[in-house]
Structures are given as C-alpha cells and as structure tokens.
Amino acid sequence: MLIDRFGRNINYLRVSITDRCNLRCIYCNPEANIIYKNQQQILTYEEILKIVKVCVDLGITKIRLTGGEPLVRKDVVYFVSLLSKIKGIEDLSLTTNGVFLEAYAKDLKKAGLKRINISLDTLDREKYKFITKFDGLHKVLNGINKSLEIGFYPIKINVVVMKNINEDEIIEFAKLTLKEPLHIRFIEYMPIGCTKDEWKEKFVPYNKIKNYCQSLGVLKEIKIFDNNTAITSYQFENAKGTISFISPVSKPFCERCSRLRLTSDGNLRSCLFSSQMVDLKKILRNNNVNNQVVYNALKQSIIYAVKIKPKESQIL
48 MLIDRFGRNI NYLRVSITDR CNLRCIYCNP EANIIYKNQQ QILTYEEILK
98 IVKVCVDLGI TKIRLTGGEP LVRKDVVYFV SLLSKIKGIE DLSLTTNGVF
148 LEAYAKDLKK AGLKRINISL DTLDREKYKF ITKFDGLHKV LNGINKSLEI
198 GFYPIKINVV VMKNINEDEI IEFAKLTLKE PLHIRFIEYM PIGCTKDEWK
248 EKFVPYNKIK NYCQSLGVLK EIKIFDNNTA ITSYQFENAK GTISFISPVS
298 KPFCERCSRL RLTSDGNLRS CLFSSQMVDL KKILRNNNVN NQVVYNALKQ
348 SIIYAVKIKP KESQIL
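Under this note's numbering, read the sequence shown as residues 48 to 363, first letter to last.
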C-alpha cells in the first residue's frame, strides 16, 4: 500500500493520455493560440502501461483516463483493453467531453471500461457553443443516451458552475436525476488559468448551488461507496439518479485525497495545485539500463512522489 506521511491511502491514479482536445472551453483553453506537445514528448501507450503496472504493484487499484480529451488519441479502445487485463485494477474509468462518446461507448465497454464521467456545463445549444466554441451539444446528449442504453453505470455528469453563464441551469441539471440514473456533480469554478478577479466574477459557492437544488425538493443525504470510501451524495424522493457537490474552494477535501496524476508527458504529480512533479519519462527513456533497473527506479520515484504529497492544496 502507498501511505503518505499524513496517513492517507493513495490508491487512485489519473492518467492523462493526451494534452489535445477538440473543444476550447473558456475555463481551460482560452482563445489564445494553443501550443500542444509534439508526439515525441507524449508518453507512448507502452510507457504508460509500464508506469501503471508499477503503481498497481504498489497498491493503486483505481485508474481514470483523462486528457485533454482522451477519445481524440488514436487506438484508445485498444489501450483500454490492455489496461483492463492488468490484475489488481479494480476500477477503470474515463473522463470525456462526450462529443465522440456515441461512436466509442459500445467498444469501450467491450474493452473493459467500467465507468464514464462526462463534462457538460450547459443544456442550452447557444451556451454550449459559447463555452466550448463548438456546436456539438446534440453529440454529447446522444453519447449520454448511448451510454445509458448499453448499461454503463454509474454515469457521472460533471458540471462546472459559473456565475452569469450557467448558474441559471442548476435546477435543470438537478431535474435530470428524477428520470434517469445519472449522477450530477456540481463543481465549484476553480482559480486555475485565470486571475483572481476573473475567478471571483464566475465563482458560485457550494452552499448557493445546493440551495438552488433544494428549491426543487427535499434532498436526502445518502452514502455512496466509491473504492471503499464513503462519498456523501444527495437524492430527491423517488429519483433515479443522485446529486453531489465538489467544492474544492468552499470545502476542500485534501484530508481524504487518494490521488496521483500522471501528465501526458510523463510527470507524476501528487497534487493538482502543487508545482512539484517527478519526471518518470526520463527513467523510461534511459536506454543504458535494463528493465529491472527501470522498474526499480519507477518504483522509488512513485514512492517519492507520495512522500512529497502536501497536506493540503494552496488553491487561493
């Protein structure tokens, strides 16, 4: 097991398989020219598998694929099938913007993917175009319906709430849980890639988001066990889905953080808001050593990354 110096069990690895994305969302890709990493800078699937196998040997049981947008990378379904065969991985999931999900959902499920998170901040076509710079809301909704049809469960919808943009849609998102087994996760807008003033203009706190939901009806608190950890969620009476609130600003969850993050270019980060990283690609591409030396070096570097994991993030 990987236990950090504050007693937290680190069992969850988020793997970015690409820095590329087909959307230009206003909070992560400003309209300035975007410079992507070249192919040589990005980890190969074989290199990612080597890292994952060492992590699993150390106690990682949960893998989530992210990007960028993971479904833009070639042969992603084949890669999922390879990951799903690794003994020790109990939960294999993927976060996507959903644009390509209708085409990929069936094959991803066959390949061994267990769960899907879909990032969707609006149910309005014009707002969607404003937020993402792409007219593709219908594609995302079709992808959600396809995922429900073929039996993915749970399907989580990540909604970043922004003042004067989609704050007025909180109730409409909450209503989705009444008829469909969707898990709507309202996420506070985080001060990443923007000035503090820009962040303040868009920030909606957790308690206000929750109040919007409660105007629709009584929310019953329930416990959902995710990777043996009890997660507080909420549910309307007779609803098929649930609601939860991710509040990294108002109610940071650092004390129970169990995550490591592998960037697409091979850096291992123990905290999203920390600049500290451990370069694993350098180890993998050292041609002067054998596989056992590489394995041992990766193992020690991963242990070190856990060792330097901070007690809490400096988000503000």
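Glycine included, each C-beta is placed from N, C-alpha and C at the ideal position. Here the structure is a predicted model, which is why all the values come from computation and not from measurement.
Between A221 and L167 a beta carbon distance of about 14 Å is seen, past the 8 Å cut, so the two are scored as non-contacting. Pairing A158 with L225 gives a Cβ-Cβ distance that is not under 7 Å.
A distance below 7 Å separates the beta carbons of N144 and L70. Rounded to whole angstroms, the separation of the alpha carbons of G114 and K329 is 21 Å. Distance from the Cα of N343 is smallest, within the candidate group K121, L327 and C241, for L327.
Looking at the DSSP output, N164 shares a beta bridge with T142 and K203. The way I'd put it, the stretch 174 to 185 doesn't touch the stretch 148 to 163; fewer than three beta-carbon pairs between them come closer than 8 Å. Inclusion of R232 and I163 in the CB contact set at 7 Å is not warranted, their separation being larger than that value. Secondary structure at V296: coil, using DSSP grouped into helix, strand and coil. According to the DSSP assignment, F233 belongs to the beta strand (DSSP E) that extends over L229 to E235.
Here I81 is exposed. Its C-beta has fewer than 16 other C-beta atoms within 10 Å. Taking C-beta separations shorter than 8 Å and ignoring five residues to either side along the sequence, the partners of D312 in its chain run D66, K84, Q88, I89, L90 and K328, following chain order.
The closest CA to that of N211, considering only H185, W246, N192 and I204, is found on W246. The C-beta of H185 has fewer than 16 other C-beta atoms within 10 Å across all chains shown, which makes the residue exposed. Apart from sequence neighbours up to five positions away, the residues of its chain that approach P228 with a beta-carbon distance below 6 Å are K287 and G288, ordered along the chain. Among the bridge pairs identified by DSSP, T289 is matched with H230.
In the DSSP annotation of this structure, the continuous segment of the alpha helix (DSSP H) that includes R172 starts and ends at R172 to T179. Beyond the five residues adjoining it in sequence on each side, G106 comes within less than 8 Å, by CB distance, of M48, L49, N56, I57 and N58 in the same chain, given in chain order. Cβ-Cβ separation between P252 and E268: approximately 19 Å, too far for a contact (criterion under 8 Å). Bounds of the alpha helix (DSSP H) holding S131 are V123 to S131.
The beta-carbon separation of D154 and V187, rounded to 18 Å, does not stay under the 8 Å limit for a contact. DSSP places I110 in the uninterrupted beta strand (DSSP E) bounded by K109 to T113. Pairwise C-beta distances place the stretch 190 to 207 out of contact with the stretch 96 to 104, as fewer than three of them are shorter than 8 Å. Excluding its 5 nearest sequence neighbours in each direction, T169 has C-beta neighbours in its own chain below 7 Å: Y175, I178, N213 and E216, listed in chain order. Distance from the CA atom of C68 to the CA atom of Y92, rounded to whole angstroms, is 18 Å.
When DSSP states are grouped into helix, strand and coil, L60 belongs to the strand group. With respect to the 7 Å criterion, V101 and L345 are classified as neighbours on the basis of their beta carbons. Following the DSSP letters along the chain, one finds N192 inside the alpha helix (DSSP H) bounded by residues L184 to I197. In this structure, the straight-line span from the alpha carbon of K156 to that of V340 is close to 35 Å. Here L118 has T143, F147 and Y151 as same chain residues with Cβ atoms under 6 Å from its own Cβ, once five neighbours each way along the sequence are excluded.
Taking the C-beta atoms as reference points, C260 is found nearer than 7 Å to I290.
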